[in-house]
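Here's the structure we're looking at; comments come further down.
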Ligand SMILES: Nc1ncnc2c1ncn2[C@@H]1O[C@H](COP(=O)(O)OP(=O)(O)OP(=O)(O)O)[C@@H](O)[C@H]1O
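In UniProt numbering, the protein residues as written are 1 to 611.
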């Protein structure tokens, strides 16, 4: 907690610079909206002063000095006209300016953040602390903008009232200012403490709320629906988890209850209503009735305008805690935006024009220090156009190895070399572009069939020019049969996220579609992580045949648990506990009569049993 407290301590410079970040972004993105917003705040407060303070004084004095009634009527008509014009401006602001301006700023910040998300190293997703902050900063982005704008409005509105009412107070009864200032100082002090408590409470609740959101998602998301129905014990466990989460949230709230109530009492009553209402009215009546220092008209006007002055001071007093709290969230957004990608190119070398050898030189790798290394001292040479199969039991490190080839992570020790050069020295984008990868957990996007193959933004005209290549890729991956049955062919929208009549593909169909991406991308190296796990045996056989044909001039690395699909590979690498324990052709490995042979026997036995 102490650590959290220190983390929450920010210098004034930091607070201002964080808030300034959003203010600057807002002015740069929608300057007219921002200026209009300030104009609205100032205009509103001027009119309130005109009616509620100056107006009452005018009417009371007119009665006191027996001015003609028409003078009062004329004044009221002017006030009415001013409000009418003001409403026209407010209407324009609300219906035209604000509706365009605010979303524009929100969109700009989200765009900046999405750009960063793309550059985020995968290890950030593995680190729960970073992931927590990352989720919080994304969810806080829009709220931070709204909060900053509310603060700007409160500031300009407050200052306007302060100037207008302040002058009025000083010229009518200057000691009155002390009451208002006393209330201001105390409210400022306690409100700051209250805001810190509220922030701490939110941070503490964050992990529990994340759990609750996860459970909520599991119960409504399509992708969990089958599992939940088929595994009632799992839903029971989730119910229990849900109960515990709710209990924990209740306990957190409870632990803050006394402190919060006490502070709210101080902020909302003692420092405000009690001082400025109870004590101040007694003072005014004393000044008028006993000391005859001010008239009863002044008592009424001062009393009335003390309300608006008190409110503006209260709002101003809340600005500092508000910008401090806002700064804590903006700080997370800025940290996230300033995240320095670790997977970068050291020398930015261009890729060679022709396929070259890929080599692992004493490569070790671990996702984190606690779990230790997953890959241990791997040495491996893959020659151009070789077909390499990676096999091994679950958790052996096969996917991890291909993530290193893709440069999604860098080795903890050793080097991966392409053409004898450390892959870190190549331009990252160009290097990754050389490889077409389909992971086990590929995703089908809510987009058309062709967009799902291209995976790039492309004008419709260019897309139709590429139609032949797209169809080719889909034929190679065995999706052509399904494509022919789709009413709108390549333009068919997939998933029902955006289109009500979007098509949901089966697991095998999705896998074929995803595999087409690798065929479409003119990649020099194709990496397939279990490309046939969801396919039926005939589709699997066809995919293997076509893959070998289509990728004759490419290096192919594929992971498969079905050894029947890997037997034609030029080389099979068997991994166990992060090490290559056997290596050779299918026949050579059978000869060895070791782990691969045992695995093959076990699988072949199954086929025989089935037959
Ligand atoms: N992001 C991650 N953070 C921490 N550990 C991870 C991460 N991804 C994988 N691991 C761990 O690394 C080990 C190797 O995982 P990997 O996915 O490489 O195995 P695999 O051989 O591909 O397994 P499978 O055949 O089940 O797909 C496993 O113990 C896994 O729990």
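Each residue gets a CB set at the ideal place from its N, CA and C atoms; glycine is no exception.
Exercise for the section: Kindly indicate if chain C contains any beta-carbon less than 7 Å away from that of residue 440. Expected result: Although the question refers to chain C, the structure presented lacks it and comprises just one protein chain.
Problem - Three-state secondary structure (DSSP) of residue 319 - result: Translated into the one-based positions of the chain shown, residue 319 becomes position 319. Residue state, collapsed to three classes: helix.
Practice task
Pull up the distance between the alpha-carbon of residue 92 and that of residue 107, whole angstroms please.
Solution key: In the chain shown, counting from the first residue as 1, residue 92 sits at position 92. In the chain shown, counting from the first residue as 1, residue 107 sits at position 107. Their backbone Cα atoms lie some 22 Å apart in a straight line.
Exercise for the section: Could you tell me whether the segment 373-390 touches the segment 550-568, using the rule of 3 or more Cβ pairs below 8 Å? Expected result: yes
Problem - Beta-carbon proximity check, residue 474 vs residue 523, cutoff 7 Å - result: Your numbering for residue 474 matches position 474 in the chain shown. Your numbering for residue 523 matches position 523 in the chain shown. No; because the gap between Cβ atoms is not below 7 Å, this pair is not in contact.
Exercise for the section: Mark residue 19 as exposed unless 16 or more other C-beta atoms lie within 10 angstroms of its C-beta, in which case mark it buried. Expected result: Locating residue 19 in the chain shown gives position 19, where the first residue counts as 1. Counting Cβ neighbours within 10 Å, residue 19 comes out buried, since at least 16 surround it.
Problem - Beta carbon of residue 452 nearer than 7 Å to that of residue 445 - result: For the purposes of this step, residue 452 is taken as residue 452 along the chain shown, with counting starting at 1. For the purposes of this step, residue 445 is taken as residue 445 along the chain shown, with counting starting at 1. Contact flag set, yes.
Problem - residue 540 to residue 507 span [Cα, whole Å] - result: Here the question's residue 540 lines up with position 540 in the chain shown. Here the question's residue 507 lines up with position 507 in the chain shown. Taking the straight line from one Cα to the other gives about 13 Å.
Practice task
Verify the contact flag: residue 395, CB atom, against every heavy atom of ligand 1, threshold strictly below 6 Å.
Solution key: By 1-based counting over the chain shown, the position of residue 395 is 395. Checking the Cβ of residue 395 against ligand 1 gives yes.
Problem - Endpoints, the beta strand (DSSP E) within which residue 529 is located - result: Here residue 529 corresponds to residue number 529 of the chain shown, with the count starting at 1. Element bounds for residue 529: 525-529.
Practice task
Give me the Cβ distance between residue 159 and residue 169, rounded to the nearest whole Å; I'm assuming they're in contact under 8 Å.
Solution key: As a working mapping, residue 159 is identified with position 159 in the chain shown. As a working mapping, residue 169 is identified with position 169 in the chain shown. So it is not a contact: roughly 15 Å between Cβ atoms.
Practice task
May I ask you to report which of helix, strand or coil DSSP gives residue 295?
Solution key: Position 295 of the chain shown, counted from the start, is the residue given in the question as residue 295. DSSP places residue 295 in coil when its eight states are reduced to three.
Practice task
Please name the residue, chosen from 109, 200, 62 and 153, that lies closest to residue 142 on a Cα-to-Cα basis.
Solution key: Counting from 1 along the chain shown, the entry for residue 142 is found at position 142. When each option's Cα is compared against that of residue 142, the closest is 109.
Practice task
Kindly confirm or deny that the segment 410-425 and the segment 344-360 touch, where touching means at least three C-beta pairs closer than 8 Å.
Solution key: yes
Exercise for the section: Give every residue of the same chain whose Cβ lies closer than 7 Å to the Cβ of residue 1, excluding the five residues on either side of it in the sequence, and list them in chain order. Expected result: As a working note, residue 1 is residue 1 in the chain shown. Bear in mind that a pLDDT of 47 at residue 1, under 50, signals an unreliable position, so the number given afterwards is only what the model happens to contain. Cβ neighbours of residue 1 beyond the five flanking positions: none.
Practice task
Please indicate yes or no: does the CB of residue 398 lie closer than 6 Å to some heavy atom of ligand 1?
Solution key: Walking along the chain shown from the start, residue 398 turns up at place 398. Residue 398 Cβ: within cutoff of ligand 1.
Problem - Residue from 265, 483 and 181 with nearest C-alpha to residue 309 - result: Here the question's residue 309 lines up with position 309 in the chain shown. The shortest C-alpha separation from residue 309 is found at 181.
Practice task
May I have the straight-line CA-CA distance separating residue 597 from residue 590, to the nearest angstrom?
Solution key: Along the chain shown, read from residue 1 onward, the residue named residue 597 stands at position 597. Along the chain shown, read from residue 1 onward, the residue named residue 590 stands at position 590. Computed Cα separation, rounded: 5 Å.
Practice task
Would you kindly check if the distance between the Cβ of residue 578 and the Cβ of residue 436 is under 7 Å?
Solution key: Along the chain shown, read from residue 1 onward, the residue named residue 436 stands at position 436. Along the chain shown, read from residue 1 onward, the residue named residue 578 stands at position 578. Against a cut-off of 7 Å, the Cβ pair of residue 578 and residue 436 comes out as no contact.
Practice task
Return yes when at least one heavy atom of ligand 1 lies under 6 Å from the C-beta of residue 374, else no.
Solution key: Within the chain shown, residue 374 is the residue found at index 374, counting from 1. Within the cutoff, so yes.
Handout entry: the segment 279-296 / the segment 17-37 touching (three or more Cβ pairs under 8 Å)
Key = no
Problem - CB-CB length for residue 414 against residue 362, believed under 8 Å - result: Residue mapping note: residue 414 aligns to position 414 of the chain shown, counting from 1. Residue mapping note: residue 362 aligns to position 362 of the chain shown, counting from 1. Under the criterion of beta carbons closer than 8 Å, residue 414 and residue 362 qualify as touching, at roughly 4 Å.
Exercise for the section: Could you name the residues of the same chain whose beta carbon sits closer than 8 Å to that of residue 211, not counting the 5 residues immediately before and after it, in chain order? Expected result: One-based indexing of the chain shown puts residue 211 at position 211. Once the five neighbours on either side are set aside, the close Cβ partners of residue 211 are 241 and 245.
Problem - CA nearest to the CA of residue 440, picked from 381, 529 and 360 - result: Looking up residue 440 in the chain shown gives position 440. It is 529.
Exercise for the section: Compute every distance between the C-beta of residue 367 and the non-hydrogen atoms of ligand 1, then say whether any falls below 6 Å. Expected result: Within the chain shown, residue 367 is the residue found at index 367, counting from 1. A distance criterion of 6 Å places the beta-carbon of residue 367 in contact range of ligand 1, judged by its closest non-hydrogen atom.
Handout entry: Outcome for residue 192 when other beta-carbon atoms lying within 10 angstroms are tallied against a minimum of 16
Key = Walking along the chain shown from the start, residue 192 turns up at place 192. Classification of residue 192: buried, given that the 10 Å Cβ count is 16 or more.
Practice task
Determine, using beta-carbon pairs with one atom in the segment 145-161 and one in the segment 309-325, whether at least three such pairs fall under 8 Å.
Solution key: yes
Handout entry: Pairwise C-alpha distance: residue 344 and residue 424
Key = Residue 424 sits at position 424 when you count from the first residue of the chain shown. Residue 344 sits at position 344 when you count from the first residue of the chain shown. Going from the Cα of residue 424 to the Cα of residue 344 covers about 7 Å.
Exercise for the section: Give the DSSP-derived three-state secondary structure of residue 437 in the structure shown. Expected result: The sequence position of residue 437 within the chain shown is 437, counting from 1. Looking at residue 437 - three-state DSSP - the assignment turns out to be strand.
Practice task
Apply the 10 Å Cβ neighbour rule to residue 600 and answer buried if 16 or more other Cβ atoms are within range, or exposed otherwise.
Solution key: As a working mapping, residue 600 is identified with position 600 in the chain shown. With 16 or more Cβ atoms within 10 Å of its Cβ, residue 600 is classed as buried.
Practice task
State the Cα-Cα distance for the pair residue 607 and residue 438, rounded to the nearest angstrom.
Solution key: Position 607 of the chain shown, counted from the first residue, corresponds to residue 607. Position 438 of the chain shown, counted from the first residue, corresponds to residue 438. Residue confidence is low: residue 607 scores 48 on pLDDT, short of 50, so the model does not pin down where it sits. Its coordinate-derived value is still stated next. Distance between the alpha carbons of residue 607 and residue 438 is about 27 Å.
Problem - Sequence-distant residues of its chain with Cβ nearer than 7 Å to residue 611 (five each side left out) - result: Along the chain shown, read from residue 1 onward, the residue named residue 611 stands at position 611. Note on residue 611: pLDDT 33, under 50, position unreliable in the model; the coordinate value appears next. Hits under 7 Å: none found.
Exercise for the section: Please say whether residue 26 and residue 330 have beta carbons closer to each other than 7 Å? Expected result: Counting from one through the chain shown, the residue named residue 330 turns up at place 330. Counting from one through the chain shown, the residue named residue 26 turns up at place 26. Contact: no.
Practice task
Leaving aside the five residues before and after residue 312 along the sequence, list all residues of the same chain whose C-beta is less than 6 Å from its C-beta, in chain order.
Solution key: One-based indexing of the chain shown puts residue 312 at position 312. Taken in chain order, the residues that qualify are 158, 161 and 162.
Practice task
Using the Cα positions of residue 595 and residue 576, report the straight-line distance between them to the nearest angstrom.
Solution key: Residue numbering aside, residue 595 sits at position 595 when the chain shown is read from its first letter. Residue numbering aside, residue 576 sits at position 576 when the chain shown is read from its first letter. C-alpha separation (whole angstroms): 10 Å.
Practice task
Rank 87, 336, 302 and 103 by C-alpha distance to the C-alpha of residue 175 and give the top, closest one.
Solution key: In the chain shown, counting from the first residue as 1, residue 175 sits at position 175. When each option's Cα is compared against that of residue 175, the closest is 302.
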